[in-house]
Each structure stands twice: as C-alpha cells, then as structure tokens.
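Below is one structure; the comments refer to it alone.
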Amino acid sequence: MTILYSLIPTPFTMKTFNNTFTTLDNFGHSMRAPSYRLRPKTPDEIYEAFQLARKSGLTVTLRGAGRSYNDAALNGGGIVLDLSAMNRIVEWDAATGFVCCEAGVTLEQLWHKVLPDGWWPPVVSGTMATTLGGCLGANIHGKNNFRMGTIGEHVTEFTALLPTGAQVTCSPSLNADLFYSMISGLGMLGVITMVRLKMKKVESGLLEVHAWPTRTIEEHLNSLLEGAPNYDYIVGWLDTITVGHGQIHAANYVHDDPDPAKMQVRYQTLPDRLFGVMPKSLLHYFMTPFVNDLGWWGINNAKYIASLRRHTFRQSHAAFHFLLDYVPDWELSSGRAGLIQYQSFVPKETALQAWTTILARTKKFGLPSYLGVTKRHRPDNFLLTHAVDGFSLALDFKVRRREEMSKMLQEFDQIILEAGGRFYFAKNSETTPKTALAFLGEETVSKFKKLKKRTDPDGLLESDLYRRVFG
Amino acid sequence: MPETQTMIPRATPLIPRKKAILIGAAGGIGAQVARRLAREGYVLALLDRSEEMLKTLCAEINQAHGESRAIFYIHDVTAYDQVTGLFRKIVADLGGLDLFVYVAGAIYFPAIDEFNFAEDYKMVEVNLLGAMAWMSQVAPVFQSMRGGQIVGVSSVAGDRGRVSNPGYNTSKAGFTCYLEALRNRLTRHGVNVLTIKPGMVKTEILNLPNAPKPVLAVTPDQAADGIWNAIKKRKQVAYISGLWRWVMLALTHTPSVIFRRLSF
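Next comes the structure, spelled out in structure tokens:
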C-alpha cells in the first residue's frame, strides 16, 4: 500500500502545477516551450510563486503579453509568471500627466485612458498589446527614439519585488543602480509591480505624416539623418528584395486641429473590417500565399510604385504607431515554422557599409528578408542598452532552410560587431553568448551578474533567453 | 542534473532541438535507441541504475556530436516516490519534452515447473509498475501540451500466456494493456502512444540460465532502427521484426485446446 500512497499527488501539487502546465510561444510563433503558467494578481501571490519555485527546484520567468520575437518570456519546463492579470491603472492625473499603474497594464489600456484628456504615451511599440512590465524589461523604443529616448527615460519611479521577498522603490535618484539595470534587465533582477511615468501632452488626435520615396540605401539613411531633427517621429521602410528602394514616413504633432472628438478612443480605433466588409481577422489567411520570395517581391514593388508620389496626409495616433495591429495575427501568415526578426543597431558612420554587406549576403544565400524597417536612434544610460547614435534595421525572416539561415545570421553578427553595432534582446533569437559579450562588454555583463547575485541570490529568475545568452 | 554535467543547450528557431527521456538507457536496446535518437537530432535525458554505463554512453554521444546532447540521471524505476520530483526536474533541465521512451525491463527464465514469486514480483515492478509510475506523470503533461509521443517497449510475450514464463507474460501483457488504455485516453488530445513488441533481441539476456534458443532474433541495432521508424511514422503498435506480427497472429488465434498442450 505504501507504493500506492506515494503515487497520489498532494492537493497542493495538483492545484498549483498539473492544471497550469501549458505550451507557450513567442510573437513570431517560432519557439514553443511548455511550462507551468501562473497568473498572480498581487505581489503576495508573486512571492508565493517564488516560494513554490524554491521548493520544487524550478526557475521563474516573467511574461507580459508575450510579444517578444524570441525566448525572453519562455521558460521550458519551468514556471512562467504571467503578469497580465495585474493590470489596474491606479492613478491618473490629467493635469500633470503622471500615471501610476501596475506592470500588467498594456499600452492599449494606457492610451485609451490618457488620450481623451489630451495626452499620449511618450514611447510606444509597434503593437499596443505589450504590457508596461514587458516594455520596461526590454526598454522599448519607438519611432521617436532620436528625440524621446526609450520608455525607461520617462519613468519617474517604480516598485519592484525581488525574489528575496524585499520590496524596493527605484528612481533615477533612489536605488539608481537598480533603476538603470532593472529597466532593460529582461525581468532577470526582480518583478516590477508598479510603475509611475509621465505622459506627453498632445493638442490633437492627429499626426501630420510626410511620405517620400528613397532610391538607394545611402539616400535612405541620409533622409533619416537629415529628416530626424525636423520631425517628431521618423521611420523608414526598406525593400530588402529589390535592395535600395524605400520610403520614409515622418510625422509631426498637429497643433491646429484641437478637435476633441478626434481624441476619443472611438475615432482612433483601427477598423476591424477591410472595405467595411471583410473581417480583418481573416486577412492573414489571404496573406499566406504571398509570403514567399515571388509574392513579396510583387508586394514590395507595388508598395514602392505607390510610394513614388511624395505626399502629406493626416493620420490618427493609433493608425500611425500600431502598424503591427493593423492586420490581426499577421505573424501567422509566415506558416507553421513562424518568423524571426533580426534587428541591428549601427552607428551612423558605419551603417551604410554594414547593411549593404548584409543585404548582399541575403542575396548570396538566397534567403531575402521580406520586410525591412529602419529607425533613427540615440544612446541611453541603461545597463543592457541596445541603442547607439545611429540607425536600426529590423529584418523579418520566414523560418526556412534552417542551417543556412543560421550560418547567415552568424555572419551578420560578425559584420555588425565589426561595425560597432549592438543588438536588441526583444528581437534577435540567435544571439550567441559570444556576440552578447562582445557588444555589451565584459564589464557590463559582470556588473549585471553581480547585481543579479544581489537581488536574486538563489538564481530563481531565469528565462530561456537568459540561459542562452548569459548562462 | 548532477553538477558534473554540462547544460543541454537551449533550442532556437533555427536550431530546434527535440527532447526525449529514455528510461532503461544503459544497455542493450536502450543504448542503441539513445544513439539513434541523438543521431536524429534529439537531446536526451538518459536514466538507468548503472552510473558507469550511463557515463560512458553520455560521453560517447556528446563526443560524437561535438556538443552536450545527453545528460544522465541515476534512477531505479522501483523507487516510485522519486518519480514526480525527478520528472519535473528533467523536463526543466531539457527545457521541455517531446518524446518519452520506456525501455527498462526485467526478465527471469524459470525452469519448467518452477514458480518463483520473488522474481515474478520484480518483473511486475520493473516492467509494469515502474512504467505506470512514470507514465502517470508524463501523460497529463503531454495532454495539456496537446502533443508528444509515449513509447513503451513491451514484448510479443505479452500477447499470450505461455507455459515457459507466466510471470514475464503477465507483466508484459499488463504493460501492453496499460499502453492501449493510455492510447485510448490520449489520442483525442493529440498524443501518440506507441507499443513496441520486439521478439527476441540478441542482448545479454539470451545468455541467462534457461534462456530459449534464439528464433527470428535481431540485433539491438536493428531493434533501434525499427523503434525509430515506428516513432517517426507515429505508429501505434510495431512488431520487431515485422515477421513477428504474423507469428503472433497465428499464435493468438491458436485455440486453447491446442495451445495448452504446446511446450513453449
């Protein structure tokens, strides 16, 4: 009988573990990891989860909306703390623009709250599904990085729970070392539970967008460089199949159209139907047949021809910023193996040469990227920063011919490192420890590990990304 | 994972790694299956009682592939109360699980007319209860993942109760039946359950006292090939070699009035 008794799981194990085991994936659907997914609602429950992890010898990874293109929010076989249930906006002051909210609040919730009062989040990502905790963990940037910096620069204070059970408040002046390392720290130092950040005042619900074509990469980069000081936002689209063609979108805040109706969420919301008929949730099925070399070649050329007309138009904030939300589930159109993104940040002096080489390599390997997006950046003070005084180029690749693609991306890493470039931990999934060490520098990595030893002495916080890059 | 071993590298989209647990991996069929799975790109957690043999096998596999492909754990399948914790730890060390293979088995050939409860008990423990202890951990995990494959190496001996070895026949019949029930439970959740029924395999067990003379015997290498092919095709029941299917078809349809007078 003793045999039988020992086989019966205790109620604790049954409730906490077996029912929560599930397979999670990333934004590009290119990686899957089964894990125990717990959804704490309070800091106390987060601490309970840490105790549970200690007891069962498992590690813990933090997850917001799961919008990373790599394994930042995955923990194969371990515990994943899904913080999306901690999503209250605690305090909103429409007079000063300070908002205080829990880390699971999404950018969507945030702009819905603040825009009707004439404010907009200072930095937003390409999708509004991301949570603030995730945004801080990766220290995201927007199309205004050259002007406003990363989202971390607009945080005045945050509260975090460390795996030791300690609760710390950090700001640029209080616990500054933790402030500048937990933001950009990939959730490996502690759990940010409450954030206080400052919104940006806007006078209208619209942006004035200027669009113009570029014929070569050189012209493209010059446009970004010279255009940036004149605009609030600037972003480029690069045709990475017919290399050279591109388009710049640059936008300014509108000051002469203070129509409050356009600041309402209803006006801003992206239409959920195409031509008023077809539900956009079905659109990605129709995209799938075009996600191949020939299809994208056609799409890119059509887009370039359409962009040849230099024009100016007005667009809502949401429509300009959240391009990735325009077609729901667009990332599914890459097929079962998913898509990966390769984003590099290169100083303005070396960018042209590095990217010309890279794009030539994609041709040589016969593995063109289907989408290239460029932005203008400036450096910041955060520990694991990805930014440089220069540009970034994000390339989307459909996962195929894995061995060759892997070899190609390793070559890219080498080219970017030689050009003095950096990488972004929310995007690249193939960064090796050697590459990470090379661009971060030994001093930064050892400083990060030392801080981790202090905040997380038992090494409870670990993600697949952390093990891959720092393990 | 014991401290002395290096971590299994994490998968990336461009270097995907399938993950497998292999129980009873040290010798015979198990070791060959381990080598084969490693060659097919799997990363492996190898379990057995003998540390020495596991160490050698792991070192061999890791060296052959130039990276850490296999890690080992010392485990006796009759230590049922270790299973829950160990399983959880292995899945965390591997970073997931795609395949579970139970090869562990015990066999004793009694003399004709010998009844040996001690040996029968051992065979039921290793061949059946150990498997049940492990699979009742694996099954819910695969079920909630909606994927994966469970492989049990049973035996043709489980198809019919024979004069020569009642205890072994019973343990393998029980195992086959358990796997069938598991299959019926899990197929609807996208999990494949594969029953392997090897005939005779030329391992050291054929040197045991009272062992039968080899009939239609295959080498462990051929057995591993057969098992891999069945895994790849996500079969449900596979005989090794295929000839045994027809032999067993004949035997299972032999009426008792004849069968009970046969002497094997």
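Protein sequences appear in the order of chains A and B.
The numbering of the first sequence is the working numbering, which starts it at 1 and goes up by one.
The numbering of the second sequence is the working numbering, which starts it at 1001 and goes up by one.
C-beta: ideal position from N, C-alpha, C; glycine also.
Subject >> Opposing strand residues paired with B/Gln1149 [DSSP bridges] >> reply: B/Leu1099, B/Asn1192
**OP:** Taking 8 Å as the threshold, find out whether the region 47 to 65 of chain A comes into contact with the region 1172 to 1181 of chain B through three or more Cβ pairs.
**Re:** no
Original post:
beta strand (DSSP E) containing A/Asn252: first to last residue?
Top reply: 246 to 253
Original post:
Would B/Leu1208 count as contacting chain A if we go by Cβ distances under 7 Å?
Top reply: no
**OP:** Please work out which residues of its chain come closer than 8 Å, Cβ to Cβ, to A/Met148, disregarding the five sequence neighbours upstream and downstream, and give them in chain order.
**Re:** Pro122, Val123, Gly142, His154, Lys200
Original post:
Closer than 7 Å, CB to CB, is B/Leu1044 near chain A or not?
Top reply: no
Original post:
Straight-line CA distance for A/Arg336 to A/Arg32?
Top reply: 12 Å
**OP:** Classify B/Lys1019 as helix, strand or coil using the three-state DSSP reduction.
**Re:** strand
Subject >> Cβ of A/Thr22 within 7 Å of any chain B Cβ >> reply: yes
**OP:** Give a yes or no on whether 7 Å exceeds the smallest Cβ distance from A/Pro11 to chain B.
**Re:** Annotation note: pLDDT 40 at A/Pro11 (below 50); position unreliable, no value reported.
Original post:
Is there at least one Cβ from chain A nearer than 7 Å to B/Arg1039's Cβ?
Top reply: The Cβ of B/Arg1039 sits no closer than 7 Å to any Cβ of chain A.
**OP:** Measuring alpha carbon to alpha carbon, tell me which of A/Lys449, A/Asp458, A/Thr455, A/Arg454 ends up nearest A/Phe470.
**Re:** A/Lys449
Subject >> Closer than 7 Å to chain B by CB, A/Ser68 >> reply: No, A/Ser68 lies away from the interface with chain B (no Cβ there is under 7 Å from its Cβ).
Original post:
Just curious, the alpha helix (DSSP H) that A/Tyr285 is in, first and last residue?
Top reply: 283 to 287
Original post:
Does A/Tyr5 get closer than 7 Å to chain B when you measure Cβ to Cβ?
Top reply: Any reading at A/Tyr5 must be qualified, since the residue scores a pLDDT of 49, below 50, and its modelled position is unreliable; no value is offered.
**OP:** Identify, in the order they occur along the chain, each residue of the same chain with its Cβ nearer than 7 Å to the Cβ of B/Ala1230, setting aside the five sequence neighbours on each side.
**Re:** Only Leu1194, Ile1196, Ala1238 meet the Cβ criterion.
Original post:
Do you know offhand how far A/Phe322's Cα is from B/Ile1008's?
Top reply: 38 Å
Original post:
Taking the C-alpha atoms as reference points, what is the distance between A/Val99 and A/Gly276?
Top reply: 36 Å
Original post:
Going by beta carbon distance, what residues of the same chain come within less than 7 Å of A/Leu197, once the five residues before and after it are set aside?
Top reply: Val99, His154, Val155, Thr156
Original post:
Could you give the distance in angstroms between the alpha-carbon of A/Val477 and the alpha-carbon of A/Leu162?
Top reply: Outside the shown range of chain A (1 to 471) lies residue 477 of chain A, about which nothing can therefore be said.
**OP:** Could you work out which residue in B/Glu1060, B/Ala1211, B/Ile1021, B/Leu1037 is closest to B/Asn1165 when comparing CA atoms only?
**Re:** In terms of Cα proximity to B/Asn1165, the closest of B/Glu1060, B/Ala1211, B/Ile1021, B/Leu1037 is B/Ala1211.
**OP:** Taking only the alpha-carbon atoms, compute the straight-line gap between A/Asn144 and A/Ala228 and give it to the nearest angstrom.
**Re:** 9 Å
Original post:
Hey, how far is the Cα of A/Lys427 from the Cα of A/Asn70?
Top reply: 6 Å
Original post:
Which value, in whole angstroms, describes the spacing of the CA atoms of B/Ala1133 and A/Glu418?
Top reply: 54 Å
**OP:** Scan the region 1091 to 1114 of chain B for residues whose Cβ lies nearer than 9 Å to a Cβ of chain A and list them as they occur along the chain.
**Re:** Val1091, Ala1092, Asp1093, Leu1094, Gly1095, Gly1096, Leu1097
Original post:
Under a three-way DSSP split, which group does B/Leu1251 fall into?
Top reply: Judged by DSSP in its simplified three-state form, B/Leu1251 adopts helix.
Subject >> Spatial neighbours of A/Tyr36 in its chain, beta-carbon cut-off 6 Å, leaving aside the 5 residues before and after >> reply: Phe17, Thr20, Phe21, Ile79, listed in sequence order.
Original post:
Are the beta-carbon atoms belonging to B/Arg1017 and B/Ala1011 less than 7 Å from one another?
Top reply: yes
Original post:
Thinking just about the alpha-carbon of each residue, which of A/Leu359, A/Lys375, A/Val346, A/Thr350 is nearest to the one in A/Gly421?
Top reply: A/Val346
Subject >> Min CB distance A/Leu58 to chain B below 7 Å >> reply: yes
Original post:
Counting along the chain, where does the beta strand (DSSP E) carrying A/Met194 start and finish?
Top reply: 191 to 198
**OP:** Output the boundary residues of the alpha helix (DSSP H) element that contains B/Asp1221.
**Re:** Unbroken alpha helix (DSSP H) run through B/Asp1221: 1220 to 1232.
Original post:
the region 1129 to 1150 of chain B: which residues have C-beta closer than 8 Å to a C-beta of chain A, in chain order?
Top reply: Leu1129, Ala1133, Ser1136, Pro1140, Val1141, Ser1144, Met1145, Arg1146, Gly1147
Original post:
Thinking C-beta only, is A/Leu62 closer than 7 Å to A/Gly187?
Top reply: yes
Subject >> Neighbour list for A/Ser429 in chain B, Cβ cutoff strictly below 7 Å >> reply: Thr1012, Pro1013
Original post:
Who are the near neighbours of A/Arg310 in its chain, counting only those whose CB is closer than 6 Å to its CB and skipping five residues on each side?
Top reply: Trp212
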